[in-house]
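Data first, discussion second: the structure below is written as structure tokens.
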Amino acid sequence: MPIHYLLGLNYYRQADYAHSVEQLNHVLKLSPDYALAVFQLGLAYAHNGDYASAITTLQRALQLDKTNYAAAYNLGAAYAQSKQYPAAEAAFRQTVALAPDYSLGHNALGQMLLFDGLYDQALAEFGRAAELAPEQPGPHLSLAKAYSAKGMTAQAGEEMRKAQQLQAEPKP
135 MPIHYLLGLN
145 YYRQADYAHS
155 VEQLNHVLKL
165 SPDYALAVFQ
175 LGLAYAHNGD
185 YASAITTLQR
195 ALQLDKTNYA
205 AAYNLGAAYA
215 QSKQYPAAEA
225 AFRQTVALAP
235 DYSLGHNALG
245 QMLLFDGLYD
255 QALAEFGRAA
265 ELAPEQPGPH
275 LSLAKAYSAK
285 GMTAQAGEEM
295 RKAQQLQAEP
305 KP
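Quick note, the sequence shown lines up with residues 135 to 306 if you use the working numbering.
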């Protein structure tokens, strides 16, 4: 593993994204098809707030590794941060196609569907996320939002209670 990749990864873990970008770009000058470095660079760009570069880089990461569901998920997040919601939805659909058991992908896709007013589809995605990660409050909060948007206040309240209970439970 090239030293610059390890340095870039270390800088990323320390939240020093500018230096991470610098080191990972150095790696890619030498090995432009190093898929892990391309993916990590996309993450560093996103965390540094450079969503345009993150989008381009994460698209490249998916070209190099078409099975990288984490690249698809982070691409969706970068699109969403850039307010490119149809592209975000498409990336999150790709995420759940690549990783059907990835709860965060279902929850993110549900958020895009909720934004589009597709409440029943959003509820289905949030429900799947809750099934996949029953110990996580996030999907229940999302379910509460979707039920509330549909005017289903009793169900919204029940999901909110579940989320609050999960947040209050001590984690091992």
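The C-beta atom is built at its ideal place from N, Cα and C for all residues, glycine as well.
Could you tell me if residue i is buried or exposed, where buried requires 16 or more neighbouring beta carbons within 10 angstroms of its beta carbon?
i	result
Lys279	buried
Gly239	buried
Gly285	exposed
Asn202	buried
Gln245	buried
Ala225	buried
Gly142	buried
Pro304	exposed
Pro268	exposed
Pro220	exposed
Ala297	buried
By how many angstroms is the C-alpha of residue j removed from the C-alpha of residue i?
i	j	result
Pro234	Ala180	24 Å
Ile281	Tyr253	The residue asked about is misnamed: residue 281 is Tyr in this sequence, not Ile. So the alpha carbons of these two residues sit roughly 8 Å apart.
Gly183	Gly251	28 Å
Gln228	Pro271	24 Å
Leu257	Gln218	22 Å
Gly210	Thr191	13 Å
Ser187	Val230	23 Å
Tyr145	Phe173	15 Å
Leu162	Ala222	26 Å
Ile189	Leu140	23 Å
Gln157	Arg262	39 Å
Ala178	Tyr151	5 Å
Gln148	Ser154	9 Å
Ala242	Leu196	18 Å
Tyr236	Glu265	11 Å
Phe249	Arg295	23 Å
By Cβ distance below 8 Å, which residues in the same chain neighbour residue i in space, the five residues on each side in sequence not counted?
i	result
Ser165	Pro136, Ala171
Asn159	Leu175
Short of 7 Å in beta carbon distance, which residues of its chain neighbour residue i, apart from the five on each side in sequence? Order them along the chain.
i	result
Tyr185	Ala212, Gln215, Ser216
Leu232	Thr201, Tyr203, Ala206
Leu198	Asp167, Ala169, Val172
CB-CB under 6 Å to residue i, same chain, minus the five flanking residues each way: which ones, in chain order?
i	result
Leu277	Phe260, Glu293
Ala290	Ala278, Tyr281, Ser282
Could you spell out where the alpha helix (DSSP H) holding residue i opens and where it closes?
i	result
Leu252	Neither: Leu252 is in no alpha helix (DSSP H) and is coded neither H nor E.
Gly176	169-181
Glu303	Looking at the DSSP string, Glu303 is not in any alpha helix (DSSP H), and its letter there is neither H nor E.
Thr201	Premise fails: Thr201 is in no alpha helix (DSSP H) and is neither H nor E.
Ala221	219-232
Ala152	151-164
Gly142	137-147
Tyr281	272-283
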